[in-house]
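Residue numbers (the working numbering): 435 to 814.
We put the CB at the ideal spot given by N, CA and C, even for glycine.
Written as structure tokens, this is what we have:
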């Protein structure tokens, strides 16, 4: 096959074996397959390319009167290399995968798990179950938070928004309200409702409305920080514990809807990724948990895994608005930096001291080309 080809004929009637399983709501159905050469000569390179079939037609070869199948794939996957048909195979057992591990958890809003029945608690099926941390906003509004288990040690998986609807990557997470089904003794999605929708900010260019079922993800963990034993009971105080971890934040009633008290939610999410997940071809050999009779490998190298940006990278890539001189100082180092803007100062130090009724900032400059501070030098 030549470079740029978008169709192929294969032996036999194979339409039943190539049923479409990629069914986008706003696009043409299709199926991803792998075109791969299997050279017997070690000097000949092995070639592979993923293509998305959009037409599979059983037909007959008019010359040899044999059954054949006509495959057509999208123009976006036109062949990038020439493929030798004598050693070509078409593999249809391809499934998309993201690096990481899927986790799940349940939590109840503004209430205690003790309010649930034994049957309802058992229906969590061993998944972590918790309660939201509840805080009052600056205007007295309710804020409900829930930190994802294990997220303090493993990063969240974010996926590129393929349809470019958003201007940010999307976390691989599903959050839905559930109700207990006595028939199946399990938690089921609440009838006639859709999962809550992730947004990168509840307030912004497209702020969430009071009735929008939106949530966002904050950095850091809200969890138990101390407990007090009193008359057989334990009073637990939960607060912001550390900057590691990912926390679900619901709306406050003005920007995003407040979930109802006592409602139970189920969250499924992926943790993993990072640059370490970019592995070479045929590196993956196992699937966890193991499934009898099922093997796995990656016929193509994985890509797209990135580490979180460092503070230095954030400063370098930040927009000019964040690089502008603000002409304000809050921390001691801010006062020192302001002094170092003076042309005659090569270095400055600053410290806060209590001077009776308030803190006073003391700044000491180190002038250039001299070992002492001249009287006429002023900090302006």
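Start and end residues, alpha helix (DSSP H) containing residue i
i           : result
residue 653 : Looking at the DSSP string, residue 653 is not in any alpha helix (DSSP H); the run it does join, the beta strand (DSSP E), is 648-664.
residue 769 : 766-774
residue 675 : Not the alpha helix (DSSP H): residue 675 falls in the beta strand (DSSP E), residues 667-684.
residue 747 : 745-751
residue 785 : Careful: residue 785 lies outside any alpha helix (DSSP H), inside the beta strand (DSSP E) at 779-788.
residue 756 : 754-757
beta-carbon residue i near the ligand ATP non-hydrogen atom, thresh 6 Å
i           : result
residue 754 : This structure lacks the ligand ATP; in fact it carries no ligand of any kind.
Residue of the options minimising C-alpha distance to residue i
i           : options               : result
residue 532 : 738, 543 and 501      : 738
residue 605 : 768, 592 and 616      : 592
residue 453 : 482, 690 and 466      : 466
residue 464 : 455, 470, 524 and 702 : 455
residue 804 : 570, 792, 780 and 788 : 780
residue 674 : 567, 691 and 720      : 567
residue 655 : 609, 540, 581 and 637 : 581
residue 525 : 486, 492, 500 and 499 : 486
residue 648 : 635, 667 and 660      : 635
residue 742 : 603, 791 and 497      : 603
Start and end residues, beta strand (DSSP E) containing residue i
i           : result
residue 793 : 793-801
residue 698 : 698-705
residue 445 : 441-445
Nearest-angstrom Cβ-Cβ length linking residue i and residue j, presumed shorter than 8 Å
i           : j           : result
residue 686 : residue 545 : With a Cβ gap of about 18 Å, residue 686 and residue 545 do not count as contacting.
residue 699 : residue 611 : 6 Å
residue 589 : residue 681 : Rounded, the Cβ-Cβ distance is 14 Å, inconsistent with contact.
residue 517 : residue 481 : 6 Å
residue 542 : residue 696 : 7 Å
residue 534 : residue 658 : Not quite, the Cβ-Cβ distance comes to about 27 Å (not below 8 Å), so this is no contact.
residue 445 : residue 488 : Residue 445 to residue 488, Cβ: 21 Å. No contact.
residue 555 : residue 538 : The Cβ separation is near 16 Å, so there is no contact.
residue 437 : residue 522 : Wrong, their Cβ atoms sit about 14 Å apart, outside the cutoff.
Distance between residue j and residue i (C-alpha atoms, nearest Å)
i           : j           : result
residue 769 : residue 775 : 10 Å
residue 744 : residue 753 : 16 Å
residue 552 : residue 731 : 42 Å
residue 689 : residue 646 : 8 Å
residue 801 : residue 778 : 6 Å
residue 520 : residue 729 : 27 Å
residue 557 : residue 630 : 22 Å
residue 788 : residue 569 : 32 Å
residue 795 : residue 785 : 6 Å
residue 510 : residue 727 : 35 Å
residue 578 : residue 651 : 12 Å
residue 402 : residue 469 : As shown, the chain starts at 435 and ends at 814. That puts residue 402 outside it, with no answer to give.
residue 735 : residue 766 : 49 Å
residue 451 : residue 692 : 48 Å
residue 733 : residue 715 : 6 Å
residue 717 : residue 632 : 33 Å
residue 478 : residue 440 : 23 Å
residue 626 : residue 761 : 54 Å
**Asked** Along the chain, which unbroken stretches of the alpha helix (DSSP H) at least 4 residues long are found entirely within the region 458-533?
**Response** Those alpha helix (DSSP H) runs which fall completely within the region 458-533 and span 4+ residues do not exist here.
**Request:** Kindly provide the ranges of any alpha helix (DSSP H) runs that are 4 or more residues long and lie completely inside the region 540-622, ordered along the chain.
**Result:** Whole alpha helix (DSSP H) segments, 4+ residues: 552-556.
**Item:** Those runs of the alpha helix (DSSP H) which lie wholly inside the region 624-650 and span at least 4 residues
**Value:** DSSP runs (the alpha helix (DSSP H)) wholly in the region 624-650: none.
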